[in-house]
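Asks:
Number of protein chains: 2
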Amino acid sequence: MGEEITTAKEAADDGLVLAFGRLLGAANRLEYLLGRAIEEECGISHLMYEVLLILAREGEAGMPMRAISREQVLTTGGVTRLIDRMEALGLVARGDNPDDRRGRLVRLTEAGERKAVEATRVHRENIERYFVAPIPAEHREWFAEDLRKLSHAARDAIPRLR
Amino acid sequence: MGEEITTAKEAADDGLVLAFGRLLGAANRLEYLLGRAIEEECGISHLMYEVLLILAREGEAGMPMRAISREQVLTTGGVTRLIDRMEALGLVARGDNPDDRRGRLVRLTEAGERKAVEATRVHRENIERYFVAPIPAEHREWFAEDLRKLSHAARDAIPRLR
DNA sequence: CGGGAATGTCTGACTAATCAGATACTCTTT
DNA sequence: AAAGAGTATCTGATTAGTCAGACATTCCCG
Numbered sequence: 001m002g003e004e005i006t007t008a009k010e011a012a013d014d015g016l017v018l019a020f021g022r023l024l025g026a027a028n029r030l031e032y033l034l035g036r037a038i039e040e041e042c043g044i045s046h047l048m049y050e051v052l053l054i055l056a057r058e059g060e061a062g063m064p065m066r067a068i069s070r071e072q073v074l075t076t077g078g079v080t081r082l083i084d085r086m087e088a089l090g091l092v093a094r095g096d097n098p099d100d101r102r103g104r105l106v107r108l109t110e111a112g113e114r115k116a117v118e119a120t121r122v123h124r125e126n127i128e129r130y131f132v133a134p135i136p137a138e139h140r141e142w143f144a145e146d147l148r149k150l151s152h153a154a155r156d157a158i159p160r161l162r
Numbered sequence: 001m002g003e004e005i006t007t008a009k010e011a012a013d014d015g016l017v018l019a020f021g022r023l024l025g026a027a028n029r030l031e032y033l034l035g036r037a038i039e040e041e042c043g044i045s046h047l048m049y050e051v052l053l054i055l056a057r058e059g060e061a062g063m064p065m066r067a068i069s070r071e072q073v074l075t076t077g078g079v080t081r082l083i084d085r086m087e088a089l090g091l092v093a094r095g096d097n098p099d100d101r102r103g104r105l106v107r108l109t110e111a112g113e114r115k116a117v118e119a120t121r122v123h124r125e126n127i128e129r130y131f132v133a134p135i136p137a138e139h140r141e142w143f144a145e146d147l148r149k150l151s152h153a154a155r156d157a158i159p160r161l162r
């Protein structure tokens, strides 16, 4: 594993690269499956669902677009367009930010709250099936904990997006 | 955790949904970081790198586009265009498939092999830093093993893409 | 306090994916 | 062997993101 790699075949068989590929593979596939399910059953994209949860956590006051961009790896331009679509669906509302007149605050509407609850029901069921079931019960706690560490380490390493 | 969820706030605080969000968050951010690094240092996208490794594993003969689409969650149309770009960069070559004249076989070129080795060097370094370092040494083996299980379970559950 | 740097959002131009339909071939069944 | 079903790839239209630049506002330092 610590050896010098000189052929493409060796590169492809590298243990570390394989393990990492597994993380991405698992995440991509799970995201795909769960995203599909939410899209079909609730009519919103997986990214919209994530934003619903972020806003739900934030509460009444709403949060600036900037903060959403930071939570999800998404440029501010991307957030603008995502929120445009969510606003068109009636899930969120934009309001002025009294503390900073450049910015705006996004908050959930009633419909957005209902959608968050509905989508979570669908989501939970599928997570149980695809994410929890394959991990042996005695590993689950550590596994979740390690994911948390990984998630934070990776977040801290990301340079600020425009 | 097993309780009925009725408000958006509760949905956002659901332990299972949070843990899953962590997996996706970690994977997205790591993919972002490592994708950036490979792109900047090697001039290819993360997806291209994955395909280089897939082809390296396959060897001389090459593999049909269909198989690539299956490995990466990507439609066949997406693979066509990805391989178009990789061909333009000189990393892969398409050849006829003697066994099935509908299909074509994709294989690495010399330049593709070199790129796979080069990119893996960059990749390994960053994986060490962002992926391995945050996981305590005594968990690593189980963690990788659990990821493997997850990855396979998720792969088997994915419906065939067009 | 005034001016330059920094920040938050939006937008036009672009990119890389999806989807669905077209085409060409293969496989199976009668 | 002919027909119909199935499969591999490619392509036009669409979509959802990126990037870079515009603009308004705020922050900070002399």
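Read top to bottom, the protein sequences are chains R and U. Reading the first sequence from the start, the letters are residues 1 to 162 in the UniProt record's numbering. Reading the second sequence from the start, the letters are residues 1 to 162 in the UniProt record's numbering. Glycine included, each C-beta is placed from N, C-alpha and C at the ideal position.
1) Sorted by chain position, which residues of the same chain lie with C-beta nearer than 8 Å to residue 78(U)'s C-beta, five sequence neighbours on each side aside?
2) May I have a chain-ordered list of the beta strand (DSSP E) segments no shorter than 3 residues that lie completely inside the UniProt domain "HTH marR-type" (1 to 152) of chain U?
3) Using 8 Å as the threshold, is the C-beta distance between residue 82(R) and residue 106(R) below it?
4) Under 8 Å, Cβ to Cβ, is there at least one residue of chain R near residue 153(U)?
5) Residues in the same chain with beta-carbon distance under 6 Å from residue 49(R), minus the five sequence neighbours each way, listed in chain order, please.
6) Would you please state the rounded distance, in angstroms, between the beta carbons of residue 109(U) and residue 90(U)? I believe it to be under 8 Å.
7) Among 10(R), 131(R) and 64(R), which one has its Cα closest to the Cα of residue 163(U)?
8) Report the option in 160(U), 158(U) and 63(U) whose CA atom is closest to the CA atom of residue 99(U).
9) Strictly under 8 Å for the Cβ-Cβ distance: is residue 95(R) near chain U by that measure?
10) Residue 92(U) touches chain R at which residues, Cβ-Cβ below 8 Å?
11) Taking the C-alpha atoms as reference points, what is the distance between residue 128(R) and residue 150(U)?
12) Does any C-beta atom of chain R lie closer than 8 Å to the C-beta of residue 56(U)?
13) Pick from 122(U), 7(U), 17(U) and 85(U): whose alpha carbon is nearest that of residue 34(U)?
14) Should residue 88(R) go down as buried or exposed, given a rule of 16 or more other Cβ atoms within 10 Å for buried?
15) Compute the beta-carbon to beta-carbon distance between residue 66(R) and residue 103(R), rounded to the nearest angstrom, for a pair I have assumed lies under 8 Å.
16) Would DSSP call residue 160(R) helix, strand or coil?
17) Counting contacts by CB-CB distance shorter than 8 Å, is residue 25(R) in contact with chain U?
Replies: Looking at the coordinates:
1) 69
2) 92 to 96 and 104 to 108
3) no
4) yes
5) 38 and 119
6) 6 Å
7) Coverage of chain U is limited to positions 1 through 162, which leaves residue 163(U) absent and any answer about it impossible.
8) 63(U)
9) no
10) Within 8 Å Cβ-Cβ: nothing; residue 92(U) doesn't reach chain R, min ~12 Å.
11) 12 Å
12) yes
13) 122(U)
14) exposed
15) 7 Å
16) coil
17) yes
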